[in-house]
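*Asks:*
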Amino acid sequence: MFDFDTIIDRHATNSEKWDRYAGQDIIPLWVADMDFRSPPAVLEALHQRVEHGVFGYSSPPQELLDVVLAMLQREYRWEVQPEWLVWLPGLVCGLNVACRAVGTPGDAVATFTPVYPPFLTAPGLAGRELISVPLVEQQGRWEMDLEALEQAITPRTRLLMLCSPHNPVGRVWSRDEQLALAALAERHNLIVCSDEIHAGLVLESATPHVPFAILAPELAQRTITLLAPSKTWNIPGLGCSFAVIPDKQLRQSFRGVMAGIVPHVNLLGYTATLAAYRDGDPWRQALLGYLRQNRDLVLEAIQVMPGLKTWPVEATYLSWIDARGLGVADPARFFEQAGVGLSDGVPFGAPGFVRLNFGCPRSLLQQALERMKTVCVRKRGLAKD
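Now the structure itself:
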């Protein structure tokens, strides 16, 4: 019913993902956008709006508010009030606003690494100290080290930034894991900013996404939840996200930081978001099935590549790969020279790692994996010589 196999030519379309390697035989599997056409329902809604021909200032349609609230209730049994929503032109913007809205300059922000790079840059841009605590690998999966976090927290720590589901390690944090984290947040009176942009991309029903804010009413009052349709329905270039902030004072502080600086969401962003949440679920379900197969293909392929290690992905379309066993100083550059563009682990806080985006047609992914395997085998052969 939906076509994820056709390769869409993104050359000469001002694509950040593809233009990085313009004129080079390098398959780009780095930045987190997918190489699939957006859902037909979204394309149709955009066509209709463009046909109208007037692109003035806009506000979120009432239907969009209703659809978002209904989605949160249906997916998570989360009763959200309309006034809790704060619309944003991007999720990264929300991370930076949160760092400025909580505490004062000189305070500290804690997070786990590796993590989506803006988590690591936003605190400094806001004049806050960054406290980064490494995730730990236990029994073949990544987990939060709450003991290390508790030891790292200072009296001036005001904000904890959580990535849930996690980018790049692909974990869906369980209810119990988050409850333990919540207890820590309460002990230290921390506000929690939970980036849940990948919530719609959970790949296994056995590991459902649990929004941090629904764990308990008192936790909702200390939580800023960031959400967007951009990753799930492949519309990141249309710039529409939102924060859910139940606490009035925290919401006012968040809005206050935005005032006069953060622009409104654009009209086509609202249009695409409404169509995605209202009519896009059949496409999403088909996408998840395709991504599961791509995920399994990556896992199987990496397991036989000398020098590499990876983990099962519970959510997202991103595989986190430990390339330290290759014995190369710059694994991202190493794979670029082999014709595959991956995200370097350094900006995520993890030198020696790379991130692979498998949100692409399977034939393209297979070609990239074959290139990676060839160069890994060659490297291992040279090392033995």
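Sequential numbering from 7 applies to the sequence shown in my numbering.
The C-beta atom is built at its ideal place from N, Cα and C for all residues, glycine as well.
In this text the structure is predicted, and so the values were computed from the model without any measurement.
1. Kindly identify the DSSP beta-bridge partner or partners of residue 135.
2. Are the CB atoms of residue 348 and residue 338 nearer to each other than 7 Å?
3. Quick check on the burial criterion: 16 or more other C-beta atoms within 10 angstroms. Buried or exposed for residue 195?
4. Taking C-alpha atoms, which residue in 26, 11 and 12 lies nearest to residue 18?
5. Distance check for residue 171 and residue 179, CA to CA, integer angstroms please.
6. Going by beta-carbon coordinates alone, are residue 232 and residue 100 separated by less than 7 Å?
7. In angstroms, rounded to a whole number, what distance separates the CA positions of residue 120 and residue 246?
8. Under 8 Å: do the segment 366 to 379 and the segment 34 to 44 share three or more Cβ pairs, one atom per stretch?
9. Check the C-beta distance from residue 78 over to residue 88 and give it rounded, since I have them as a contact under 8 Å.
10. Using DSSP's beta-bridge definition, name the partner residues of residue 346.
11. Taking residue 72 as part of the beta strand (DSSP E), name the residues at either end of that continuous run.
12. Nearest CA to the CA of residue 12: which residue from 370, 382 and 383?
13. Taking the straight line between their C-alpha atoms, what separation do you get for residue 185 and residue 381?
14. For residue 56, which three-state DSSP category applies?
15. I need the straight-line Cα distance from residue 72 to residue 157, nearest angstrom please.
16. Determine the closest residue to residue 383 out of 314, 216, 122 and 346, with distance taken between C-alpha atoms.
17. Can you tell me whether residue 23 is buried or exposed, with buried defined as 16 or more other CB within 10 angstroms of its CB?
18. DSSP three-state label for residue 249, please.
19. CA-CA distance, residue 398 and residue 292?
20. Identify whether residue 268 lies in helix, strand or coil by the three-state DSSP scheme.
21. What residue range does the alpha helix (DSSP H) around residue 308 cover?
22. Is the beta carbon of residue 260 sitting closer than 7 Å to the one on residue 86?
23. In terms of residues, what are the limits of the beta strand (DSSP E) holding residue 192?
24. Give a single yes or no on whether residue 192 has its beta carbon closer than 6 Å to a heavy atom of the ligand FAD.
25. Between the Cα of residue 375 and those of 297, 130 and 309, spot the shortest distance and give me the residue it belongs to.
26. Where do the ends of the alpha helix (DSSP H) carrying residue 466 lie?
27. Going by DSSP in three states, residue 363 sits in which element: helix, strand or coil?
28. Give the straight-line distance between the Cα atoms of residue 372 and residue 210, rounded to the nearest whole angstrom.
29. Please classify residue 63 as buried or exposed, where buried requires at least 16 neighbouring CB atoms within 10 angstroms.
30. If you reduce the DSSP assignment to three classes, tell me which class residue 87 lands in.
31. When you compare each of 317, 199, 305 and 250 to residue 106 by their alpha carbons, which one comes out closest?
32. Under 7 Å, do residue 355 and residue 165 count as touching if we go by C-beta distance?
33. Buried or exposed: which applies to residue 378, given that a residue is buried once 16 or more other Cβ atoms fall within 10 Å of its Cβ?
34. I believe residue 123 touches residue 353 by the beta-carbon criterion, under 8 Å. Please report the beta-carbon distance rounded to the nearest angstrom.
35. Which residues in the same chain have their Cβ closer than 8 Å to the Cβ of residue 358, if we skip the five residues on either side of it in sequence?
36. Is the beta carbon of residue 205 less than 7 Å from the beta carbon of residue 215?
*Replies:* The relevant details are as follows:
1. Looking at the DSSP assignment, residue 135 forms a beta bridge with 114.
2. Their beta carbons are under 7 Å apart, which means residue 348 touches residue 338 by this criterion.
3. Around the beta-carbon of residue 195, fewer than 16 other beta-carbon atoms lie within 10 Å, marking it exposed.
4. For the set 26, 11 and 12, the Cα lying nearest the Cα of residue 18 is the one of 26.
5. Cα to Cα, residue 179 sits roughly 6 Å from residue 171.
6. Their beta carbons are under 7 Å apart, which means residue 232 touches residue 100 by this criterion.
7. Spanning the two alpha carbons is a distance of roughly 26 Å.
8. Touching, yes, given that three or more Cβ pairs across the two stretches are closer than 8 Å.
9. About 11 Å separates the two Cβ atoms, so there is no contact after all.
10. BP columns for residue 346 point to 33.
11. Bounds of any beta strand (DSSP E) do not take in residue 72; it lies within the alpha helix (DSSP H) bounded by 68 to 82.
12. Its Cα nearest to that of residue 12, the residue 370 stands out among 370, 382 and 383.
13. Each residue's Cα considered, the two are about 43 Å apart.
14. DSSP places residue 56 in helix when its eight states are reduced to three.
15. When only Cα atoms are considered, residue 72 and residue 157 end up about 43 Å apart.
16. Distances from the CA of residue 383 to each of 314, 216, 122 and 346 were compared; the closest alpha carbon is that of 314.
17. Residue environment analysis places residue 23 among the buried positions, since at least 16 neighbouring C-beta atoms fall within 10 angstroms of its C-beta.
18. It is a strand residue.
19. Since the first residue shown for the chain is 7 and the last is 391, residue 398 is missing from the structure and cannot be characterised.
20. Looking at residue 268 - three-state DSSP - the assignment turns out to be coil, as it is neither helix nor strand.
21. Looking at the DSSP string, the run of the alpha helix (DSSP H) that includes residue 308 is 287 to 309.
22. For residue 260 and residue 86, no; Cβs fall outside 7 Å.
23. Looking at the DSSP string, residue 192 is not in any beta strand (DSSP E); the run it does join, the alpha helix (DSSP H), is 181 to 193.
24. The ligand FAD is not part of this structure, which contains no ligands at all.
25. Ranking 297, 130 and 309 by Cα distance to residue 375 puts 309 first.
26. Past the boundaries of the shown model lies residue 466; the chain is included only from 7 to 391, so the question cannot be answered.
27. Of the three classes helix, strand and coil, the one that applies to residue 363 here is strand, per DSSP.
28. Rounded to the nearest angstrom, the two C-alpha atoms are 23 Å apart.
29. The residue in question, residue 63, is exposed, as its Cβ has fewer than 16 Cβ neighbours within 10 Å.
30. DSSP places residue 87 in coil when its eight states are reduced to three.
31. Nearest C-alpha to residue 106: 199.
32. The criterion of a C-beta distance shorter than 7 Å is not satisfied by residue 355 and residue 165.
33. Buried: at least 16 other Cβ atoms inside 10 Å.
34. By a beta-carbon distance limit of 8 Å, residue 123 contacts residue 353. Their separation comes to about 4 Å.
35. Here the set comprises 328, 329, 330, 337 and 351.
36. In this structure, residue 215 lies closer than 7 Å to residue 205 by Cβ.
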